[in-house]
Amino acid sequence: MDPLNFRKQSIGFRGAFIVMYNEINAFFSNLGGLISMTMQPILFFAFLVMGLNSTTNNFNYHGIIISYASYASIGVVGLIMTTQMSQAVYRSTVDKQFGLMAIKFMNGVRPFQYILGMSVFPIFGYLYQCLILYLLLIVFKIKGLVVLFPIAILVGIIMLLFWSSLGIICSCLFKNYQQRDIFIQLVFTPIAFTAPSFYLDGHEPLYLKILANINPMTYQLRALRSIIYRIPDITTIITSLLLTILVVILTAFLLDKIQLTLQEKT
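If you count by UniProt numbering, then the sequence shown holds residues 1 to 266, one letter each, in order.
What follows is the structure, given as structure tokens:
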């Protein structure tokens, strides 16, 4: 076969399943990562959310009186998403640096299949951490979340595709691990904390309002809260889903054009 045509062949969705299988194995073999993922929602909820909840009165959110713990728990979901974006960055960077991405593409895995497959690790991590958070909500008897929280989390999987796809895009731009690590350290925390994760949406200072309005996570958190509190904001939900679709398409386009190498770079 002409080497120039390697990237044009496809093995269909079997390609996505092959990548998924590898990512599932990687997830369950990553004991250190599982321990870290276990501790993160516990630390944020038990010490940050519940700590602030004890000093904060209930407030009005779009006509509904809720506790701070109920509101900020969705912010923890946002933090979980950024954590799993870092996993997507790490996994796809390893793929690219060691030539695994090139091997997958040359064996018939197409960009969309690659994105779906590489999103499995973040999705598993997201569901695992959200399960821990859900159990904490039950233990601490946080009212108003227990019933619709699972539905919101399932919708959040679609939103997570935005972050995992963005992570794959970023990994394609890195030339080495140092660039990846700097990016992770400098970008993820601002993404999580400039969105209304822990401050009351609509009551922030002007500079924070500007940053929040250009942060995709802001719209995702608003969409999830609108689902949980039974005040569905269709415009915000559609905006979040459209952002996901656009980023997935952009990622697939860039993956189709990226220069592939079988040689590890340092």
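Cβ atoms here follow ideal geometry from the backbone N, Cα and C, with glycine treated the same way.
Between which two residues does the beta strand (DSSP E) holding Ile66 run? 64 to 66
As a quick exercise: from Ala212, Ser92, Arg14, Thr82, pick the residue whose alpha carbon is nearest that of Phe162. Thr82
Cα-Cα separation, Leu206 to Arg230: 28 angstroms
Per DSSP, cross-strand counterpart(s) of Leu59: Position check: residue 59 holds Phe in this sequence, whereas Leu was assumed. Phe59 pairs with Ile66.
Same chain, Cβ closer than 6 angstroms to Ile142, neighbours up to 5 away in sequence not counted: Ala69, Ser70
Would the beta-carbon of Ser164 fall within 7 angstroms of that of Thr93? no
Within the continuous alpha helix (DSSP H) that includes Gly15, where are the two ends? 13 to 29
Between the C-alpha atoms of Phe17 and Asp233, what's the straight-line distance to the nearest angstrom? 34 angstroms
Residue environment, Met85, which counts as buried when at least 16 other CB atoms sit within 10 Å: buried
Rounded to the nearest angstrom, what separates Asp201 and Ala46 at their Cα positions? 22 angstroms
Distance between beta carbons of Gly99 and Met37, contact taken as under 8 angstroms: With 8 angstroms as the limit, Met37 and Gly99 do not qualify as a contact, their Cβ atoms being about 28 angstroms apart.
Let me check understanding here. Comparing Cα to Cα, which of Phe105, Gln113, Val77, Val76 lies closest to Met20? Gln113
Under the three-state DSSP convention, the category Val146 falls into: coil
Going by DSSP in three states, Ile231 sits in which element: helix, strand or coil? coil
For the stretch 151 to 162 against the stretch 104 to 113, are there 3 or more C-beta pairs whose distance is under 8 angstroms? no
For Pro190, tell me which candidate among His203, Asp181, Leu208 has the shortest Cα-Cα distance. Leu208
Could you give the DSSP three-state label for Arg225: helix, strand or coil? helix
Limits of the alpha helix (DSSP H) - the one that Tyr199 falls within: First-last for Tyr199: undefined, no H or E at that position.
Going straight from the alpha carbon of Leu31 to that of Leu173, what length do you get? 28 angstroms
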